[in-house]
Each structure stands twice: as structure tokens, then as C-alpha cells.
Amino acid sequence: RPGQDQWWRHAVIYQIYPRSFADARGDGVGDLRGIASRLDHLAALGVDAVWLSPFYRSPQRDAGYDVSDYRDVDPRFGTLEDADAMIARAHELDLKVIVDLVPNHTSDQHVWFQQALAAGPGSPERSRYIFREGSGELGEDPPNNWQSSFGGSAWTRVKARPDAPGSAWAEDGQWYLHLFDSSQPDLNWENPEVRAELESVLQFWLDRGVDGFRIDVAHGLVKEPGLPDWSGSVSMVTGVDEPPPEETQGSTLPGTLPGHPPMYDQEGVHEIYRSWRRVLENHPGEQILVAEAWVEPLERLARYVRSDEMNQAFNFSFLVTPWSAPRLRTVIAESYEVNDEVGAPTTWVLSNHDVVRHASRLGLAETGKGPNGIGIGDPQPDAELGLRRARAASLLMLGLPGSAYIYQGEELGLPEHTALPDDAREDPTFARTDGAEKGRDGCRVPIPWEADAPAFGFSPTGESWLPQPEEWSAYAVDAQTGVQGSTLEFYRTVLRLRRELVLGLGSSQWEPTFGDLASDGDVIAVVNTAEGREDVLVLANLGSEPVQLPDGWQVKLSSGPMSGDDGRTVPTDTAVWATR
Ligand code: TEU
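Just so you know, we're using full-length UniProt numbering here: the sequence shown kicks off at 19 and counts up by one.
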């Protein structure tokens, strides 16, 4: 079968959030030895690869997405030797390892930024970042009106060094750009030194044996020259508010698209990734690049995925789509359409460390609030409804051809922690919006492994950097193992069957039996076909009425109990896989 040797085309990739996965050392923060000790859970679950959020040296102002040394492990997470051992253990278990690369910005504690501050305006050290004079008569206002994704201005003025009042440093008054927290200065990708450095970082981790890179804010590296003002959205799915008119599509002039933000999705980023792809290709084995790019519409996103660029991009259009059959059908169809053109598989993703867990998100009466427009508002989510839909959504996603990402804890049906005390919150979004945005901590709570152990087995001492809700004992891995109908056993079965049937590699067509139902109604029905194996009908009922499984199909697996005398009725908010 074409592409079967290319593992990433159909891989299920499990996101590990290192600080919340497993804590071997007992300080309440997860670490690399903890991860290595729990990898057998993932092998038993049946995933193909893991992606780890950053574990590099970092002051942790944005949970490690503020890197101060790309070639070292943060002491909170362990050592380089621990990283080597973790990678080796994963490979022993036949799991690929993808690491996170954060090229848009460094930490303000990175030696480059410290040098830039010390060297002053006009220096080569400053030209590694984006320093500008302020606006206003005395330069007392930011250079432009850009907003940080975490709230507030995207510019911070260089502060006087407290120990040297009146020093040249205090006088210079320049501002630096940060699309995220002020502790995350944006790098200047026009500077060849920056390009060379990050390629050398790729090489460093390739040489340590990793199988790929998830590229953080992949759409942000290049900014429109002149840094023009922008008053559109930045923290939502970025890209274009409205699809650009036909004649401007594919324009090679950055910033000419109507409504196109000057800090994102500029033409110049593609050249960077083409160069990186060559770095990967010159390395033995088959490593991949995955774009984290909040870019819409899907046509624009697909431009990152090419045989000489990225291998994959997260399909956030799917993630942000509400629980509506017509809307999901459109996104699914478009995902195939645009990716087919570039000969790459699409991806599927429902949860990650930046968004409300889908077991809660899908139980919300209203969506469209909070971070990424899909946060928790009022009223609180309906937990039972959320979990039922989450299982259905996951069965749908994992039955579709393409690669799929799952986020740690979703295999346990974990909900968002919606009642965290404010003083426990660490996401900079919370402080930068004066609490108006609760931030992303609610999906980052440490994993429950053992129902009866302190911190549910996350840490041997019972420490946990975020408090876990008491009722989480019911979600613990040991509480669900071997329990028929548990979400964990459900995921294990799903992933085993997906592998047996090679569902990730098929092609898809809408099930004709459903006729109007499939095209207009509340049912999504896709037949996943591939030469040499049986067809699989993937059907999800998003409506308020039960539907009958079409004749000729037998239930293989369902996300919840089937109903009807013959067990052929698919209840509301339920998905099913069926074979002939
Ligand atoms: O997120 C990138 C991103 O585009 C954010 O704007 C996202 O929409 C944000 O989390 C919303 O609140 C990546 C990482 O996944 C995230 O954890 C980092 O904080 C961010 O980059 C900065 O590195």
C-alpha cells in the first residue's frame, strides 16, 4: 500500500505534557524519568508515537515555551542523559518520539536576549530580536498597536537596570516585540544568524535520535516588513477573517491579503521550512516536521504541508468546530480536499494543552468563549453529556483516514478542571488579562494513575503542581484498567482495531445509503475504504433522534451502548464503526 512505510501518514500521536504526566522525583512537577517509567502505558494503549511539549532549560514563565537553552534539559525535568534514556525506552517499545521546537521566540533569560539588552541599540546582538524605537514624541508609546496573544501590548520597553540608574541601558528606551508574554521576545528571522542557530538546534536533537519536531507558532516567524498596525484578532485562530478573494490567493506579496494579520502566515515562513526539510532529509531515517499554525482557511494551512516542507499540520479547524453535523462534515470534506492536492494526509485533533478538554468543551451549552474562542463560560459543562460526545467525537476522528493526535488524559475521559483556585494558576494569560481570562491551567492538571495513591500516583510524595479534583480517583488508569466500558478500555479497543484495519491509511467517501441524511442531516457517515481490507462505516449521530444503522452493516464497535431490540439503533451523541 502506498505510503505504508511512511509511519506518520497514519500514526496516532500521543501528546505528553511533561510537567503533568509523571513525577519520578517527588517535587510535584513531572519529569523525564517519570515519563520513561510510564511509557508502557502508552505502548499498551496502542499509539505509534509521542510528542513531548518542551522540556528544555527554561524559567517556565510559559510552562517551557520560553526556552533559555535549546540544547539542555531543564533541571526540573532532569538531564540530557534522562532525555537519552527516555528516547531509548520509547524506541524499545516501538514508539517514535517527537519533540517541540519553539523558534518564534526565546526566553528573556536566553543568553542572546541578555546580550541584546547589554549591547544596546543598533548592535548586532539586538538585531537577533525585534527592537524598535517607540512612537509618540518621546517614544513613550509602543511602536505599533499589536496585542499579545496572552493580553496586553505585544511590546515591552527596555527597563532601566535597577542597579545602574542612569546607565546607557536606562537611556536607550527601545521596545521589543513579544507576540506572547513579555518574557518571550520574538526572534528576528531576517537575521541569518538566527536561521543558522535554529537549524543547528534541529541537528542537535536529530543526533540524539528524535523522530520529528512539532513546530510551535509555525505561522509566526516572519513579520510583514514595516510592522503595520493591525486591529484584527490574534489569539483566536489567526489567518484571515474572511477567505481572500480568488485573485489574491497565493499572492507572493506578504500582507496583501485583505484582513491578513501582519504578524502571521507571511509568505516568507515557507522558505524557512523548506530549508529545515533539507536538514531532515540529510539525516538517516524518516523524521517529520509538524506545523502548529492557527491558520484558516484550510487552503492556507495546507500550504505548510508539502513534499519539501512540513509533513503535517494540526487541523485546528476540526478542533474548533462545534458539535454540529453539517459543520463537521464541511470541515472533514475540506480537510481531504485541500490535503489531497498536496498529496499529504490530513490530521485530526480534538484536545491539547492550550484548549479546553473536549470532554468538557462538548458538554457546554454554548461555545465560543474564553481562550481560542472555545473556553469555559457559564453555565458549567454538563459532564455526562460532554463525555458521551467526547467518546463519539474520538471514535469519529480515529475512524477517519489520516494521522490523529490525542492529548494525555483524553484516553481516560478526563474533564477540564473548572474550579482551580486562582492562586494556583500559572498560565501568564490569567495575569496579563487581570483574571478576565482564566487561562489554560484547567487542561494541564497532573494525570491520575492510581486511584488510592497520594496525588493519584502522579508523584510518590503526593505533591502536585496543580491540585487534582478529588473525584479524579474514578478516572485513574488503574481504576479503569480491565473495566468493560471504561473510557480507557474503549480507547484501547479503538486503537487496536484501527491498527488491525489500517484505518489511518484508507480513503473516504460519504455513505450513500444515508442519502439526504448524510448530506443534510444530523448524521456523519463516512466509508473508510482501502484495497486489501474490508470497508468500515464510520457513523456519528449528532442529532436529537436515534437513527438506524443502514442495512448490510454490522456493528464492530460503538462509543456508547446501542439501542433497539436488535442493537442496531444508534442513540443520540453516539458513534459507531461497522463492517459489512
Ligand atoms: O500556542 C500558539 C498559539 O497560537 C496561541 O496563540 C494559542 O492560541 C494560545 O495558547 C491561546 O491562549 C503555542 C503553544 O502551544 C502555547 O502553549 C504557547 O503558550 C505559545 O505557543 C507560545 O509559545
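The C-beta atom is built at its ideal place from N, Cα and C for all residues, glycine as well. The structure displayed is predicted, hence computed values, not measured ones.
Alpha carbon of residue i to alpha carbon of residue j, nearest angstrom
i, j, result
"residue 391", "residue 448", "Confidence in residue 391 is poor, its pLDDT being 42 and thus under 50, which makes the residue's placement too unreliable to answer from."
"residue 5", "residue 147", "In the structure as shown, the chain begins at 19 and stops at 598. Residue 5 is therefore absent and cannot be evaluated."
"residue 133", "residue 342", "52 angstroms"
"residue 278", "residue 236", "16 angstroms"
"residue 209", "residue 405", "48 angstroms"
"residue 548", "residue 475", "42 angstroms"
"residue 128", "residue 159", "26 angstroms"
"residue 263", "residue 33", "Here the model assigns residue 263 a pLDDT of 39, short of 50, so the residue's position is not dependable, and the following value carries that caveat. Straight-line Cα distance between these residues: approximately 37 angstroms."
"residue 95", "residue 42", "10 angstroms"
"residue 413", "residue 376", "13 angstroms"
"residue 226", "residue 285", "32 angstroms"
"residue 322", "residue 151", "33 angstroms"
"residue 300", "residue 516", "32 angstroms"
"residue 125", "residue 86", "5 angstroms"
"residue 487", "residue 337", "26 angstroms"
"residue 249", "residue 455", "20 angstroms"
"residue 143", "residue 118", "25 angstroms"
"residue 297", "residue 23", "21 angstroms"
"residue 434", "residue 460", "5 angstroms"
"residue 551", "residue 223", "38 angstroms"
"residue 518", "residue 524", "12 angstroms"
"residue 112", "residue 507", "21 angstroms"
"residue 28", "residue 176", "47 angstroms"
"residue 26", "residue 141", "43 angstroms"
"residue 496", "residue 489", "14 angstroms"
For residue i: DSSP bridge partner residues
i, result
"residue 114", "67"
"residue 415", "According to DSSP, residue 415 bridges with nothing at all."
"residue 559", "541 and 592"
"residue 123", "204"
"residue 309", "233 and 331"
"residue 587", "566 and 581"
"residue 149", "194"
"residue 171", "165"
"residue 32", "68 and 424"
Pair within 7 angstroms by beta-carbon distance, residue i and residue j
i, j, result
"residue 316", "residue 293", "no"
"residue 593", "residue 555", "no"
"residue 350", "residue 232", "no"
"residue 491", "residue 498", "no"
"residue 103", "residue 54", "yes"
"residue 71", "residue 84", "no"
"residue 229", "residue 330", "no"
"residue 192", "residue 131", "no"
"residue 443", "residue 431", "no"
"residue 600", "residue 353", "In this structure the chain extends from 19 to 598, so residue 600 is not present and cannot be described."
"residue 609", "residue 509", "Because residue 609 is not part of the residues shown, which for the chain are 19 to 598, the question remains open."
"residue 61", "residue 114", "no"
"residue 494", "residue 473", "no"
"residue 407", "residue 380", "yes"
"residue 88", "residue 371", "no"
"residue 162", "residue 90", "no"
"residue 44", "residue 479", "yes"
Same chain only: Cβ atoms within 7 angstroms of residue i, ignoring 5 sequence neighbours per side
i, result
"residue 196", "123, 166, 172, 174, 202, 203 and 204"
"residue 326", "292 and 295"
"residue 346", "339 and 542"
"residue 39", "48, 52, 53, 56, 426 and 465"
"residue 108", "57, 68 and 115"
Integer-rounded CB distance, given that residue j should sit under 8 angstroms from residue i
i, j, result
"residue 421", "residue 522", "6 angstroms"
"residue 409", "residue 578", "6 angstroms"
"residue 424", "residue 30", "7 angstroms"
"residue 92", "residue 74", "6 angstroms"
"residue 416", "residue 512", "5 angstroms"
"residue 356", "residue 320", "4 angstroms"
8 angstroms Cβ shell around residue i - same chain, five flanking residues per side excluded
i, result
"residue 453", "440"
"residue 583", "none"
"residue 545", "526, 527, 528, 529, 553, 554, 555 and 556"
"residue 450", "166, 168, 169, 170 and 199"
"residue 213", "207, 290 and 293"
"residue 564", "581, 582, 587, 588, 589 and 590"
"residue 153", "159, 160, 161 and 162"
"residue 436", "378, 394, 398, 399 and 460"
Contacts around residue i, its chain only, beta-carbon distance under 6 angstroms, and the 5 residues preceding and following it disregarded
i, result
"residue 46", "477, 481, 482 and 483"
"residue 257", "Low per-residue confidence applies at residue 257: pLDDT is 37, beneath 50, and the placement is therefore not dependable, though the value from the model is reported in the following sentence. If we look at residue 257 and ignore the five residues flanking it on each side, its Cβ neighbours are 283, 313, 314 and 318."
"residue 514", "64"
"residue 382", "399"
"residue 287", "239 and 240"
"residue 253", "With a pLDDT of 43 at residue 253, under the threshold of 50, the predicted position of this residue should be treated as unreliable, and no value is reported."
CB contact check: residue i to chain C, cutoff 7 angstroms
i, result
"residue 150", "Protein chain content of the structure displayed is limited to a single chain, and chain C is not contained in it."
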